[in-house]
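So the sequences go chain by chain: A and B.
Position 374, counted from 1, in the first sequence is what the numbering used here calls 374; the numbers after and before it change by one each time, with no gaps.
The number in the numbering used here is simply the position in the second sequence, starting from 1, with 1000 added.
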Amino acid sequence: MRRLALWGPLAGLLALSLWMLAAVQQLPLADWPVVPYDPAGMTLDQILLAFGAMPRGMVALLVGAALGLAGALMQAVLRNPLADPTTLGLQAGAQLALVAATLLAPGLLAFGRGPVALAGAALASGTVLALAARRGFAPVTVTISGMLVGLLCAAIATALTLSRGEYLLSLVIWNGGALTQQDWSGAAILAAVLLPALALALLMARPLLLLSLGGEGARALGLPAMPLRLAALAVAVVLSATVAAEVGLVGFVGLAAPAIARRLGARTIRQRLLLATLAGALLLSLTDSALMLLAAAGGPVLPSGALTGLIGGPLLIALLPRLRATVPPETEAGDRPAPRARHPRRVLLVLAVLLPVLSLATLMAGRGLGGWGLLDPALRETFLPLRATALLASLAAGALLAGSGAILQKLTANPLAAPEVLGVTGGASLGYASAIFALPSPGALELALGAGGGAALALLALSAYALRAEMAPARLLLAGLAIGALSSAVLAAIMASGDMRAWAVLGWLSGSAARATPLGAAALTVLALLLAAGGMLAGRWLQILPLGGAVAGALGVPVTAVRLALILGAGLATGAASVLVGPVSFIGLMAPHIARSLGLTRPRDFLAGAMLTGALLMGLAAFGARSLAYPYDLPLGLFATLIGAPWLFAGLMRRT
Amino acid sequence: MSLFSLQDIRFDVPGRRLIDGLSLEIAAGQVTALIGRNGSGKSTLLKLITGQHVPTSGQILFEGSPLSDWPRRDLARALAYLPQVTPPTEGMQLDELVQLGRYPWRGALGRMRAQDHARVGEALRLCGVETLRHRLVDTLSGGERQRGWIAMMIAQDARTLLLDEPISALDVAHQVEVLGLVRRMCRERGLSAVIVLHDVNMAARFCDHVVALGEGRCLLDAPVDALMTPEALARIYGVEMSVGASAHPFALPL
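Now the structure itself:
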């Protein structure tokens, strides 16, 4: 705590002087208006200061404080140093609710954005907690579920935004978490929520301390764990929803602030709550003042949320080593025996027969000018090669994503592992965006190379990290998530720039099979076959690795080399597939899950079943994307996400 | 030649020295108990002699050659290890688990031959889990699961078994069953075993030799009879104990 006495006032002074510096750039101190502010008697510059820069500085403090408090509360309740409104999908849920309301039912916003955002955040957190409860609120699983829910919400929000392009600009600026203000109302609302929340949180400090012994321990001391958990989380949800409604997505402040509080030596829950609130306020204030100064100096106008996302990714990685002490290994265990098919070969045979049948059906049938029906024989020569190319590419991409998901799930012994979580797709998006912005008129090859290069870079960063951290597989997933968060922050900044080229990136993010060239489709198919062959050869490794490094090493498996090879294989497969279908599809998560629920448990059966299922799913998605809105092609990746994700969540939550 | 020969081993983790200048010979063909208080370095020592940890200084010889010179596969053929907490085995049948013991011999791609299946069957039979071979490992009881894992070690055909607290979560009947099994394997098949144990009475009953550690140093290295004296026990555990005898010696805290 001694460090606090030094750093606290220093940081406060720095934040204040930075804001003053930015404000004085706007208007010299001598010309500042006097309280009370009366717009009637003020110059334009004075109005801009009193109703723009001043409330903005206040909002930065309040938003940071609210997020810091929300993060500290969630971390105390879930006993998870990685919990925060971003990693648990709260902000994305609130964002989705607001986007949906803006586009579909603007009337709902008549009562203000708050209630809508609250509903979205509550729904998202409910989903995450329901998923997490199935695995005993194990920290890694909670975080992964939260990030998945966040990805899903973002995908749906993107789909909605794409469908109504005219609203795009204002939405993406909001998404980026811009703190710009026109009056004091935002600050007033935030303060009205923050102060009671802080009081409630401090009242809960002692019960929360008991809860840090774990649910059973707390119950034994006479504290009902569930109501307390829900109450504390409700406060956190209200805080993050208010922030989302007022300023949009401001990522990772809730993660950083409690971490700073801990570094400063906050030991008890009460200290942590207070210090995290303070640290969050100062952190965001510093960030926002720096951005204001940057803009005043003629630099780009960036939303603060995008910048905090940039800080958040590396921070997440830096925090990962802390998890070693806090993850009780037994709670990460599965809670039900997996079903086991008596004749796995027959299941595989059925899948293998379904694939050509479905392919033939979607090749020949579909929706044309005359409605649903078989392809007109006269048009076959023109359409069949096009359809065949798109179909082949989709099948191969589906198989690749599913295969890489299956490998990752075996590697990490975690059924929530997926290539989408590995950050590779995030890297691919960044590569694609850089190609669009850096090259004057990039062709298909340049774009593919850009995406592939981005994926490879993300993969290299991940492997480097994984090797250093002795490859604890659960942490690998979180490092991947951090890379993904980093790339989405950069993308948000690109979008917020309002550049028209952002449209091209957004279009790619949602994926399309129609762009596939015959060469690309052939390459993807070859890759899929290679992955299948490699997976079959690695079957025994895939059986041994889930047992952990100690057992695998004792059996003579070269653990590090094998893990690295599998990660590289899975990453390359994901990167190649995401060039076609865009960064999010959930096929890599869904297909292995379906394979498991079909009773395919032995690694080779599991991998083959997952790849077949993935190809089937993606084939279906391609068919739907092509036919539903004929003659327009719907985005393939989004279609796959939208049909698959709800089913996946239902499946994960089902009790057996 | 001794099984393991440790020469002035030190092992440090940031801020702490877990093993402090330990020199030790562990003989082949007998059951050696590794005992000591919590945090005395027992499990660390076991991880050092399996090669999972590399000593900060000093050298470990296994069957006469330095542990670090052993090719991984050859080491796995000679040395089998049971972790303190056996990992969950999602969707795996017991016979599939035991078959994993053949990995050091067949590698990632080699076909399982008739001889391998015979080894697996024999291991299942020796450990008395033949009837459970088609059950999912995760649905077995604690004792059955532990015997299943030991069957995997037997199928591995290793000459040396290393077990880290194999009985800590078992009731007394299962404890006797598991330790009896290990002892029988050593007697009948000429194997060696090193077992980390917490229960001095179980150590006295089932082991031939005892190595006691305290703060990373060796406190006792003697035949197991030497353990069952009030003086030795007080030195190891810091607790006054009385030693009695019926069919076998036993010790109780005063």
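Every residue gets a Cβ at the ideal spot worked out from N, C-alpha and C, and that includes glycine.
> Going straight from the alpha carbon of A259(A) to that of E420(A), what length do you get?
Replying inline: About 26 Å.
>> Within 7 Å of any Cβ in chain B, is that where the Cβ of G427(A) sits?
In response: So, not an interface residue.
> Can you list the residues of chain E that A1080(B) reaches, using a CB-CB cut of under 7 Å?
Replying inline: Of the chains in the structure shown, none is chain E; the protein chains are A and B.
>> Could you check whether the Cβ of P1166(B) sits closer than 7 Å to any Cβ belonging to chain A?
In response: The beta carbon of P1166(B) sits no closer than 7 Å to any beta carbon of chain A.
> What is the residue span of the beta strand (DSSP E) that V1013(B) lies within?
Replying inline: It spans 1004 to 1013 - the beta strand (DSSP E) in which V1013(B) sits, taken as one unbroken run.
>> Does the structure place the region 231 to 250 of chain A close enough to the region 83 to 97 of chain A that three or more beta carbon pairs sit under 8 Å?
In response: Yes, the region 83 to 97 of chain A is in contact with the region 231 to 250 of chain A.
>> Rounding to the nearest angstrom, what Cα-Cα distance links F606(A) and L600(A) in this structure?
In response: If I take the Cα positions, the gap works out to 5 Å.
> With which residues is Y1081(B) paired in a DSSP beta bridge?
Replying inline: According to DSSP, which records beta bridges pairwise, Y1081(B) is partnered with L1162(B).
> Pick from V77(A), G644(A), A119(A), V490(A): whose alpha carbon is nearest that of G427(A)?
Replying inline: Residue V490(A) is the option with its Cα nearest to G427(A).
> How is E420(A) classed by DSSP in three states: helix, strand or coil?
Replying inline: Helix at E420(A).
> Listed in chain order, which residues of the region 1103 to 1128 of chain B have Cβ atoms closer than 7 Å to some Cβ of chain A?
Replying inline: Correct list: Y1103, P1104, A1108, L1109.
> Does DSSP put H1209(B) in a helix, in a strand, or in coil?
Replying inline: Three-state DSSP puts H1209(B) in a strand.
> DSSP three-state call for A538(A): helix, strand or coil?
Replying inline: DSSP places A538(A) in coil when its eight states are reduced to three.
> Which residue from P81(A), A159(A), S434(A) puts its Cα closest to that of L642(A)?
Replying inline: L642(A) has its Cα closest to that of A159(A), out of P81(A), A159(A), S434(A).
>> So, for Q1059(B): in the same chain, excluding its five sequence neighbours on each side, which residues have a beta-carbon less than 7 Å away from its beta-carbon?
In response: Same-chain partners within the cutoff: Q1007, P1066.
> Can V350(A) and L598(A) be called in contact, C-beta distance under 7 Å?
Replying inline: No; because the gap between Cβ atoms is not below 7 Å, this pair is not in contact.
>> Would P85(A) and S240(A) qualify as a contact pair, given that the criterion is a beta-carbon distance under 7 Å?
In response: In this structure, S240(A) lies closer than 7 Å to P85(A) by Cβ.
>> With a threshold of 8 Å, are at least 3 pairs of Cβ atoms found where one atom belongs to the region 1023 to 1040 of chain B and the other to the region 1068 to 1075 of chain B?
In response: Short answer: they don't touch.
>> Beta-carbon within less than 6 Å of Y1081(B)'s beta-carbon, same chain only, minus the 5 sequence neighbours each way: which residues are those?
In response: Taken in chain order, the residues that qualify are T1050, L1162.
> Looking only at DSSP bridge pairs, what is R1016(B) linked to?
Replying inline: DSSP, once it has assigned bridges, lists V1013(B) as partnering R1016(B).
>> Quick check on M1241(B): does DSSP put it in helix, strand or coil?
In response: Strand at M1241(B).
> Going straight from the alpha carbon of D183(A) to that of A485(A), what length do you get?
Replying inline: For D183(A) and A485(A), the distance between alpha carbons rounds to 32 Å.
> Quick one: does T560(A) have its CB under 7 Å from some CB of chain B?
Replying inline: So, not an interface residue.
>> Please list, in chain order, the chain B residues whose beta carbon lies closer than 7 Å to that of P546(A).
In response: Here the neighbours are E1090.
> On the premise that T1056(B) lies in contact with R1010(B), defined as a C-beta separation below 8 Å, what is that separation, rounded to the nearest angstrom?
Replying inline: Rounded to whole angstroms, the Cβ separation of R1010(B) and T1056(B) is 5 Å, and the two are in contact under 8 Å.
>> Please give me, in chain order, every unbroken run of the alpha helix (DSSP H) with length at least 4 that falls completely inside the region 1020 to 1068 of chain B.
In response: Scanning the region 1020 to 1068 of chain B for uninterrupted alpha helix (DSSP H) segments of 4 residues or longer gives 1042 to 1050, listed from N- to C-terminal end.
>> Our contact map puts A448(A) next to V579(A) with C-beta atoms below 8 Å; I'd like the distance itself, whole angstroms only.
In response: A448(A) to V579(A), Cβ: 5 Å. Contact.
> For R1217(B), which of helix, strand or coil comes out of DSSP?
Replying inline: The answer is strand: DSSP assigns R1217(B) an E or B state.
>> Buried or exposed for G41(A), going by 16 or more other Cβ atoms inside 10 Å?
In response: Flag for G41(A) reads exposed.
>> Ignoring anything shorter than 4 residues, give me the alpha helix (DSSP H) runs that lie fully in the region 560 to 639 of chain A, in order along the chain.
In response: Positions of the alpha helix (DSSP H) runs, each at least 4 residues long and wholly inside the region 560 to 639 of chain A, are given as 587 to 597, 603 to 627 in order along the chain.
>> Output needed for Q1093(B): all residues of its chain with C-beta closer than 8 Å, excluding positions within five of it in sequence on either side, in chain order.
In response: Here the set comprises R1133, H1134, R1135, L1136, V1137.
> S1040(B) and L1254(B): beta carbons closer than 7 Å?
Replying inline: With contacts defined by Cβ atoms closer than 7 Å, S1040(B) and L1254(B) do not form a contacting pair.
> To the nearest angstrom, how far is it from the Cα of L354(A) to the Cα of R206(A)?
Replying inline: C-alpha of L354(A) to C-alpha of R206(A): approximately 59 Å in a straight line.
> Can you check whether the CB of L293(A) is closer than 7 Å to the CB of A479(A)?
Replying inline: No, they are not a contact pair.
> Does the pairing of the region 359 to 379 of chain A with the region 96 to 114 of chain A give three or more beta-carbon distances under 8 Å?
Replying inline: No: the two stretches stay apart, fewer than three of their Cβ pairs being nearer than 8 Å.
>> Can you check whether the C-beta of R655(A) is within less than 7 Å of a C-beta belonging to chain B?
In response: Residue placement at R655(A) cannot be trusted, given a pLDDT of 45 that sits under 50; the coordinates are not used to answer.
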